[in-house]
Ligand code: BGC
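Numbering (the working numbering), first residue to last: 438 to 1202.
Dropping the structure here:
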């Protein structure tokens, strides 16, 4: 029965006025694991929230820790991120919204837009990308999709929640610049574009302060700068000090902790907390309930069969074809054609090897674990799609969880591979290697799987490897031994069918890597400081995260960010980059032509990267700023256009405390991956320099190069001002603050009094 049948819209202000402080305190702490508090005497119902992000995990009201009810398990975020397709994310969101509202769920707890700082984060399968533009664009579309069904979302985990190790206590020690350029912009984009109903404050500390108690994050930045209008909910059990969290802007604590409401009432009594602050949080909870009521009052259903088909169609867009080489020494009929798609050779035998073909790995563990409505195994789907007359034979090759008898399994697989025309080998990470709650220790595939690959490739060169893993794995050896490699990530309950579709060319792969696949773990920019120690994770790589780090160090990688092949090829031409205006108002229009010059229809992800040719601070070689996924028939072309603004060319200046666009040359590059740039053009942008305020510790060189400061200092120094034009002097003594130079007469220093006066006048100018 619908719980909210008779619920009309609430008069939020009238209701708030009638709530007692005790009711408000209770309301801001939730009821049980998954529900808000009802205030029956005022007709305020409770609403239900459920995980997220790639399927509905609605538990039974009577058994909240028991298994959840069956729901469609869509591809995980690692896979969805690889689609580079906002429309697709919107479609997934709509379907999730339909399943949520059919189950009377008001808020779906997702998406997760944390940046993949390290390949080892145990929860990377729940996150979209190592790049904030990609994660933000896709997250925003997902939120629009869910919320278009009248169901809220919870954008998580805000912020800098990039590891599982010590996740409830660790402090992410990260510069403001890295926060602004890397860790916050995905959240910012989703908030500005899609206004999620809620945002989830993370478990960890950020620079020493718990995210749930972080006033700068939860109020100044989130609401003050980005205009967030919804409610902030804590991650489950993330509140340490309820009163401090309320004051910082964490409106709803989930689940309620014994003593929280009492702490709030005591703080009201002592004056440590004002009722006005409590009112703000209570109002947001009531508003959330009010927002959900129209949907909850309706009669909704979801077509789970149709959603299974949708999950398959979506999964097809997510898998990334990493490599597809012709097999050297192939027979004359196979010519130079790449190994995939598998052709319809009538009398051949296809060997499907690897336990994952029969027992798919299609999602990760932890709070996102969905009880699927059904699961398609790739083996069955390959059998269903194989052309008539093709024998599909299977050997497990390895066992999940039990390595005993692996020798016999490899022997059986090798015997099968010897007889087969082609081998499709399913490899991946066993479920116990990655999950919410802990980080991975290595990025290699299990040794027994690699040994199997070596043995199989030793007897049959026609090996297609299909990978199932939530976090990145080292694929260098795989790519050397297997001509074709399809990275499937964790593709959801219908992933088996999608893989079969791609292998046989029923559909063409169109995923692109949303994260770099390094050659080895030690190359990862965060390798030396992940996951930190003694309660601190120092983000020493700064803004050089993911491809930004590999590029600045000129490191070779296995496959770069943005890479992915399909069954056709595209040509890029006619790049145009037009600059309009200057400074904050600059608009840069980028356009190029993309043509499908291959034999089949396909989808290309056109990627636009920007690099500052010469900057006053260390900046990434190039950064993704825009992308578009286009579908082209053979021979067809399209003009793809993008508009960039000042922010796309700016960096966060810690000295100025703001975004700064430095005048000068920038390179705009367009291509098929971060390392497959097909077209480039340099443009000049004009901007007025941003002046960093002068203070008492400013150096001689800072005064000398500051237009106002230099004039004032020249006046103060009189004849001694000549040293400000003496480059040699500035090279030697320029880093001395003026006050300290005063001890060396004639070198440009001034007394404390004069300095104070200069600083005051420079500030007024
Ligand atoms: C996770 C969240 C999840 C919540 C509720 C937490 O442990 O970090 O992502 O939404 O539990 O299950």
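C-beta: ideal position from N, C-alpha, C; glycine also.
8 Å Cβ cutoff met for residue i and residue j
i	j	result
residue 689	residue 705	no
residue 1004	residue 1114	no
residue 802	residue 466	no
residue 1137	residue 1171	yes
residue 1103	residue 1128	no
residue 1109	residue 1069	no
residue 1079	residue 1049	no
residue 517	residue 590	no
residue 539	residue 739	yes
residue 862	residue 807	no
residue 1161	residue 1151	yes
residue 893	residue 790	yes
residue 534	residue 585	yes
residue 629	residue 663	yes
residue 1052	residue 930	no
residue 1207	residue 1097	Residue 1207 lies beyond the range of the chain shown here (438 to 1202); nothing can be said about it.
residue 1062	residue 522	no
residue 579	residue 530	yes
residue 853	residue 830	yes
residue 788	residue 857	yes
residue 646	residue 687	no
residue 1008	residue 956	no
residue 900	residue 919	yes
residue 834	residue 792	yes
residue 1139	residue 1196	no
residue 850	residue 882	no
residue 983	residue 593	no
residue 1025	residue 1120	yes
residue 995	residue 916	yes
Closer than 7 Å: residue i CB and nearest the ligand BGC heavy atom
i	result
residue 485	no
residue 593	yes
residue 546	yes
residue 673	yes
residue 872	no
residue 804	yes
residue 488	yes
(message) Three or more C-beta pairs under 8 Å: does that hold for the stretch 632 to 645 against the stretch 590 to 605?
(response) Yes: the two stretches touch, three or more of their Cβ pairs being nearer than 8 Å.
(message) Extract the residue ranges of the alpha helix (DSSP H) inside the stretch 858 to 926, only unbroken runs of 4 or more that lie entirely within it.
(response) The qualifying runs are 884 to 896, 913 to 918.
(request) Please go through the stretch 959 to 1000 and give each complete alpha helix (DSSP H) segment of 4 or more residues, from N-terminal end onward. (result) Within the stretch 959 to 1000, the runs of alpha helix (DSSP H) that reach at least 4 residues and sit entirely inside it are, in chain order, 984 to 989.
(request) Would you be able to state if there are at least three C-beta pairs under 8 Å between the stretch 997 to 1016 and the stretch 943 to 961? (result) Because the criterion of three Cβ pairs below 8 Å is met, the stretch 943 to 961 and the stretch 997 to 1016 touch.
(request) Tell me, please, whether the stretch 747 to 755 touches the stretch 923 to 931 by the rule of three or more beta-carbon pairs shorter than 8 Å. (result) Cβ pair count under 8 Å is three or more, so yes.
(message) So within the stretch 651 to 695, which uninterrupted beta strand (DSSP E) runs reach at least 3 residues, ignoring any that extend past its ends?
(response) With a minimum length of 3 residues, the unbroken runs of beta strand (DSSP E) contained wholly in the stretch 651 to 695 fall at 668 to 671.
(request) Count the CB pairs spanning the stretch 570 to 577 and the stretch 549 to 557 that are closer than 8 Å, and state whether there are at least three. (result) The stretch 570 to 577 is in contact with the stretch 549 to 557.
(message) I'd like to know if the stretch 658 to 675 and the stretch 719 to 727 are in contact, where contact means that at least 3 CB-CB pairs between them fall below 8 Å.
(response) Under the three-pair Cβ rule at 8 Å, the stretch 658 to 675 counts as touching the stretch 719 to 727.
(message) With a threshold of 8 Å, are at least 3 pairs of Cβ atoms found where one atom belongs to the stretch 485 to 494 and the other to the stretch 904 to 912?
(response) Put simply, the stretch 485 to 494 does not touch the stretch 904 to 912. Fewer than three CB pairs are less than 8 Å apart.
(message) When you compare the stretch 805 to 824 with the stretch 498 to 512, are there three or more beta-carbon pairs, one atom per stretch, that lie closer than 8 Å?
(response) Contact between the stretch 805 to 824 and the stretch 498 to 512 is present, with at least three C-beta pairs closer than 8 Å.
(request) Give a yes or no on contact between the stretch 1026 to 1033 and the stretch 983 to 990, applying the rule of three or more CB pairs nearer than 8 Å. (result) Not touching, per the Cβ criterion.
(request) Could you name each continuous beta strand (DSSP E) segment of 3 residues or more that falls completely within the stretch 469 to 503, going from the start of the chain to the end? (result) Along the stretch 469 to 503, the beta strand (DSSP E) occurs as fully enclosed runs of 3 or more residues at 485 to 488, listed in sequence order.
(message) Restricting to runs no shorter than 3 residues, where is the beta strand (DSSP E) found entirely within the stretch 1005 to 1073?
(response) Counting only unbroken stretches of 3 or more residues, the beta strand (DSSP E) elements lying wholly within the stretch 1005 to 1073 are 1007 to 1017, 1024 to 1033, 1039 to 1049, 1060 to 1069, in sequence order.
(request) Can you check the stretch 556 to 623 for any beta strand (DSSP E) of at least 3 residues that lies completely inside it and give the ranges in chain order? (result) Listed in chain order, the complete beta strand (DSSP E) runs (minimum 3 residues) inside the stretch 556 to 623 are 589 to 595, 608 to 610.
(request) Could you say if the stretch 551 to 566 and the stretch 961 to 974 meet the contact criterion of at least three C-beta pairs nearer than 8 Å? (result) Here the stretch 551 to 566 lies against the stretch 961 to 974, with 3 or more beta-carbon pairs under 8 Å apart.
(request) Report yes or no: do three or more beta-carbon pairs, one from the stretch 606 to 619 and one from the stretch 970 to 981, lie closer than 8 Å? (result) Flag = yes, the stretch 606 to 619 and the stretch 970 to 981 touch.
(message) Which runs of the alpha helix (DSSP H) at least 4 residues long sit entirely within the stretch 689 to 768? Give them in chain order.
(response) 697 to 707, 712 to 734, 741 to 755, all fully within the stretch 689 to 768.
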